[in-house]
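Colleague: Under the numbering used here, think of the first position of the sequence shown as 58, with each following residue one higher.
Ideal Cβ positions, reconstructed from N, Cα and C, are used throughout, including at glycine.
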Amino acid sequence: MSALLNHLPILPVAIPLLAGAAMLLMPEGRRGLRGFVGVTAALLQLATAIALLAACGGILPIWPTGIGVYLLGDWPAPFGIVVVVDRLAAVMLALTSVLGLASLIYSLPRWERSGVHFHPLFQFLLMGLNGAFLTGDLFNLFVFFEVLLAASYGLMLHGSGTARVGAGLHYIAVNLVASFLLLISIALIYGVTGTLNLADLAVRAGSLVDGDRRLFEAGAAILGVAFLVKAGAWPLNFWLVRGYGAAAAPVGAVFCIMTKIGIYAVLRIGSLLLPTGAPAAFSLDWMYAAGLATLLFGAIGLLATQQLGQLAGYCVIVSAGTLLTALGMPGVTLTGPALFYLISSVLATGAMFMLAELIERTQSFGANVLAVTMDAFHLDDPMSENRSDDVVGVAIPAAMAFLGLGFVSCALLVIGLPPLSGFVAKLSLLSAAVSAANDQVRHMDAWILVAAVLVSGLAGIITFGRAGIRIFWSADDRTTPRLRWSEAGPVGVLILLCVALSAGAGPVSAYLDAAAQSLDQPSAYIDAVMGEPVVRPLGAGGH
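#1: Under the rule that 16 or more other beta-carbon atoms within 10 Å means buried, what is I526, buried or exposed?
#2: Kindly indicate which three-state DSSP category T252 falls into: helix, strand or coil?
#3: How would you write the range of the beta strand (DSSP E) that L165 sits in, first residue to last?
#4: Run the CB neighbour count on D194, radius 10 Å, all protein chains shown included, and call it buried at 16 or more, exposed below.
#5: Does the Cβ-Cβ distance between A482 and A490 come in under 7 Å?
#6: Whole-angstrom Cβ separation of L198 and T192, contact assumed at under 8 Å?
#7: May I ask you to report which of helix, strand or coil DSSP gives D143?
#8: Do S376 and C555 have their C-beta atoms closer together than 7 Å?
#9: Quick check: does the Cβ of W120 come within less than 6 Å of any heavy atom belonging to the ligand ZN?
#10: Quick one: what does DSSP say T419 is sitting in, helix, strand or coil?
#11: Compute the distance between the beta-carbons of L68 and L158, then report whether it is under 7 Å.
#12: Would the stretch 268 to 275 count as touching the stretch 120 to 132 if we require 3 or more Cβ pairs under 8 Å?
#13: Return the residue from the list F410, I519 and L178 that minimises the CA-CA distance to L551.
#14: Closest to L183 by C-alpha separation, out of L205, L240, F464 and Y163, would be which residue?
#15: To the nearest angstrom, how far is the alpha carbon of G385 from that of F459?
#16: So the beta strand (DSSP E) V126 belongs to, where does it begin and stop?
#17: So, at 7 Å on beta carbons, what are the nonlocal neighbours of Y568 in its own chain, with the 5 sequence-adjacent residues on each side left out?
#18: Would the stretch 288 to 308 count as touching the stretch 361 to 374 if we require 3 or more Cβ pairs under 8 Å?
#19: Are M83 and P177 touching if we call contact CB-CB under 7 Å?
#20: By DSSP's criteria, D194 is part of a beta bridge. Which residues make up the other side?
#21: To the nearest angstrom, how far is it from the Cα of A224 to the Cα of A303?
#22: Would V403 pass as a contact of L152 if the rule is Cβ separation under 7 Å?
#23: Rounded to whole angstroms, how far is the Cβ of L165 from the Cβ of Y582, which I believe are closer than 8 Å?
#24: Just the Cα atoms here: how many angstroms apart are G588 and T122?
#25: Is W296 helix, strand or coil by DSSP?
#26: Kindly list the residues whose CB is nearer than 6 Å to the CB of A413, restricted to its own chain and excluding five residues on each side of it in sequence; keep chain order.
#27: Measuring straight from C-alpha to C-alpha, what distance separates S242 and F202?
#28: Considering only the beta carbon of each residue, do L156 and I314 sit closer than 7 Å?
#29: Hey, how far is the Cα of I119 from the Cα of P66?
#30: Between L109 and L150, how many whole angstroms is the CB-CB distance? I'm expecting something under 8 Å.
#31: Less than 6 Å between C-beta atoms, sequence neighbours within five positions excluded: which residues of the same chain meet that for G355?
#32: Output yes or no for whether 7 Å exceeds the beta carbon distance between H215 and F175.
#33: Look at the alpha carbon of P602 and the alpha carbon of L486, and state the distance between them as a whole number of angstroms.
#34: Within 10 angstroms of its Cβ, does F434 collect 16 or more other Cβ (buried), or is it exposed?
#35: Tell me whether C372 sits in a helix, a strand or coil according to DSSP, three-state version.
#36: Does R539 come out as helix, strand or coil in the three-state DSSP assignment?
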């Protein structure tokens, strides 16, 4: 049994790979079979992620240090491909599996029928996401990036339509440039250090001097820019809102985790390089500045938008900005709360993308344009003679009640109002920032973070309040949509998970604080990777 458990780290990559390959061999008309295989694979990934959470947390006594290392081909690090799972990676895997399963179930009644190869592409996307969180070297990080991006290109264009094709081509062009930059940076770093294994790189980077150090800094700077593009940081996020808003609802929902890969990579690589004198590209100053600019840009975008899809996109940008700003503060005081906020925001924005599509079914054609016109000409002014009160007192059917409650819940989560997990996340984040300010650690930066988070929350209150009034109160020509359980269920489950996250904030925060502490002490990660023994030693017929 223990021997089987040792293979857990590779399963999040192997399961979607095998499922996607198997579905490619099935006829396109066997949609029911493909859906069954896809949901089964997603459930297996969720079970594996839960097991990895338990193993890294010490509940399953597999790895004494809480860090699992899997050597592919039984080649020792840094010569072979290595998969590494710790608390942070396990959290990201669990979050990916939950969001992926919810999005996949949501797509079954409608979206998987609007194009070909939806299920295989979805599984390959999950494979790339899981691999990016698990890989222990830069080159395979690039490989998994390309796998998930290639799958995301097909999913972005899934369902056709002029707006979707235009946004999709824009999305593809930007990410191809980012991938090119990533490949250049990897080549520079390997040429200087002779390694791409993250643990080995952390050991060798500290000994670089003169020209080699400058080349390494240049490679790290390009690497940082590529990660900024993928994280949705300003000014490199001009593609995000249009692209995510134009994608199919389940695709936009699962894309919410994609921007967190860039943040994860910066956090992972920065924590390993920090003891050796982190290059400027991974220093805290630029991360804080980029995050603050992204947060303010997202807040302004929230106030400017009228469409629900774009509203969800700007919420993703606000989330990325908040995380980069918090992680740009020194020490680990804000890292644990930032990870709690990451989980809550991903679940909330994923639910928002799916809920936005359901809400749009209630509106007549051109409702968004009409809303902008009414704002411009003050036709919804209480004193205007054009205002109608006919809709007041109309009974709300069950479907509209669900949509209204879902919208309010997502608004509370994004804004950070009680009693849901968004409030717990922002309260813990702001408390940690105030504590850092009182300790005189970048005193002014901490208070600026507090002010920026509060301002973005105020922007969210204004935006969601305006949208809610327009959609659920002042619209007299809306229709009541027919919601399937497979569509309403995933939205409800994601919101209920946020409720559970709020109720279990204590144990979850303790787990995330432990993950933050392990990032602050990268020697355990390095020792686990470099000291992992092979099954068959060299010279014993194994190599």
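Modeller: Let me lay it out:
#1: Mapped onto the sequence shown, residue 526 falls at position 469. Result: exposed.
#2: To locate residue 252, count along the sequence shown from 1; it is residue 195. Reduced to three states, the DSSP call for T252 is coil.
#3: Working through the sequence shown from its first residue, we reach residue 165 at position 108. Going by DSSP, L165 is part of no beta strand (DSSP E) at all; its letter is neither H nor E.
#4: As a position in the sequence shown, residue 194 is number 137, starting the count at 1. By the beta-carbon neighbour count (other beta carbons within 10 angstroms, threshold 16), D194 is buried.
#5: Taking the sequence shown and counting its residues from 1, the one referred to as residue 482 is at position 425. Taking the sequence shown and counting its residues from 1, the one referred to as residue 490 is at position 433. Not in contact: A482 and A490 (Cβ atoms no closer than 7 Å).
#6: For this step, residue 198 is matched to residue 141 along the sequence shown. For this step, residue 192 is matched to residue 135 along the sequence shown. That pair is a contact at about 5 Å.
#7: Numbered from 1 along the sequence shown, position 86 holds the residue referred to as residue 143. The three-state reading of DSSP puts D143 in coil, since its state is none of H, G, I, E or B.
#8: Position 319 of the sequence shown, counting from 1, holds the residue named residue 376. Position 498 of the sequence shown, counting from 1, holds the residue named residue 555. Pairing S376 with C555 gives a Cβ-Cβ distance that is not under 7 Å.
#9: Only the bare structure without any ligand can be found here, which leaves the ligand ZN out of the picture.
#10: In the sequence shown, counting from the first residue as 1, residue 419 sits at position 362. It is coil, neither helix nor strand.
#11: As a first step, residue 68 is located in the sequence shown; it is residue number 11 there, counting from the start. As a first step, residue 158 is located in the sequence shown; it is residue number 101 there, counting from the start. The answer is no: Cβ separation not under 7 Å.
#12: No, because fewer than three Cβ pairs between the stretch 268 to 275 and the stretch 120 to 132 fall closer than 8 Å, the two stretches do not touch.
#13: For this step, residue 551 is matched to residue 494 along the sequence shown. With distances taken between Cα atoms, L551 lies closest to F410.
#14: Residue numbering aside, residue 183 sits at position 126 when the sequence shown is read from its first letter. When each option's Cα is compared against that of L183, the closest is L205.
#15: Along the sequence shown, one-based indexing puts residue 385 at 328. Along the sequence shown, one-based indexing puts residue 459 at 402. About 39 Å.
#16: Position 69 of the sequence shown, counted from the first residue, corresponds to residue 126. That run of the beta strand (DSSP E) goes G125 to L128.
#17: As a position in the sequence shown, residue 568 is number 511, starting the count at 1. Residues of the same chain with a CB within less than 7 Å of the CB of Y568, apart from the 5 flanking positions on each side, are G114 and R144 in chain order.
#18: Enough Cβ pairs lie closer than 8 Å, so yes.
#19: Taking the sequence shown and counting its residues from 1, the one referred to as residue 83 is at position 26. Taking the sequence shown and counting its residues from 1, the one referred to as residue 177 is at position 120. Not a contact, by the Cβ cut-off of 7 Å.
#20: As a first step, residue 194 is located in the sequence shown; it is residue number 137 there, counting from the start. Paired residue(s): N254.
#21: Position 167 of the sequence shown, counted from the start, is the residue given in the question as residue 224. Position 246 of the sequence shown, counted from the start, is the residue given in the question as residue 303. Each residue's Cα considered, the two are about 7 Å apart.
#22: Taking the first residue of the sequence shown as position 1, residue 403 is located at position 346. Taking the first residue of the sequence shown as position 1, residue 152 is located at position 95. Between V403 and L152, the C-beta gap is smaller than 7 Å, which places the two residues in contact.
#23: By one-based count along the sequence shown, residue 165 stands at place 108. By one-based count along the sequence shown, residue 582 stands at place 525. Between L165 and Y582 a beta carbon distance of about 39 Å is seen, past the 8 Å cut, so the two are scored as non-contacting.
#24: Here residue 588 refers to the residue found at position 531 when the sequence shown is read from its first residue. Here residue 122 refers to the residue found at position 65 when the sequence shown is read from its first residue. G588 and T122: Cα-Cα distance of roughly 12 Å.
#25: Walking along the sequence shown from the start, residue 296 turns up at place 239. W296 falls in the coil class under three-state DSSP.
#26: Locating residue 413 in the sequence shown gives position 356, counting from the first residue. For A413, where only same-chain residues beyond five positions count, the Cβ hits under 6 Å are L365, G366 and A369.
#27: Within the sequence shown, residue 242 is the residue found at index 185, counting from 1. Within the sequence shown, residue 202 is the residue found at index 145, counting from 1. Each residue's Cα considered, the two are about 14 Å apart.
#28: Here residue 156 is taken as the residue at index 99 of the sequence shown, counted from 1. Here residue 314 is taken as the residue at index 257 of the sequence shown, counted from 1. Yes, Cβ-Cβ distance for L156 and I314 is below 7 Å.
#29: One-based indexing of the sequence shown puts residue 119 at position 62. One-based indexing of the sequence shown puts residue 66 at position 9. P66 has its alpha-carbon roughly 11 Å from the corresponding atom of I119.
#30: Taking the first residue of the sequence shown as position 1, residue 109 is located at position 52. Taking the first residue of the sequence shown as position 1, residue 150 is located at position 93. Yes, L109 and L150 are in contact; Cβ-Cβ is about 6 Å, under 8 Å.
#31: Position 298 of the sequence shown, counted from the first residue, corresponds to residue 355. Cβ neighbours of G355 beyond the five flanking positions: Y371, I374, V375 and G378.
#32: Taking the sequence shown and counting its residues from 1, the one referred to as residue 215 is at position 158. Taking the sequence shown and counting its residues from 1, the one referred to as residue 175 is at position 118. Yes, they are a contact pair.
#33: Residue 602 lies beyond the residue range present for the chain, which begins at 58 and ends at 600; the question has no answer from this structure.
#34: Position 377 of the sequence shown, counted from the first residue, corresponds to residue 434. Low per-residue confidence applies at F434: pLDDT is 36, beneath 50, and the placement is therefore not dependable enough to give any value.
#35: Taking the sequence shown and counting its residues from 1, the one referred to as residue 372 is at position 315. Of the three classes helix, strand and coil, the one that applies to C372 here is helix, per DSSP.
#36: Translated into positions along the sequence shown, residue 539 becomes position 482. In the structure shown, R539 falls within a coil segment according to DSSP collapsed to helix, strand and coil.
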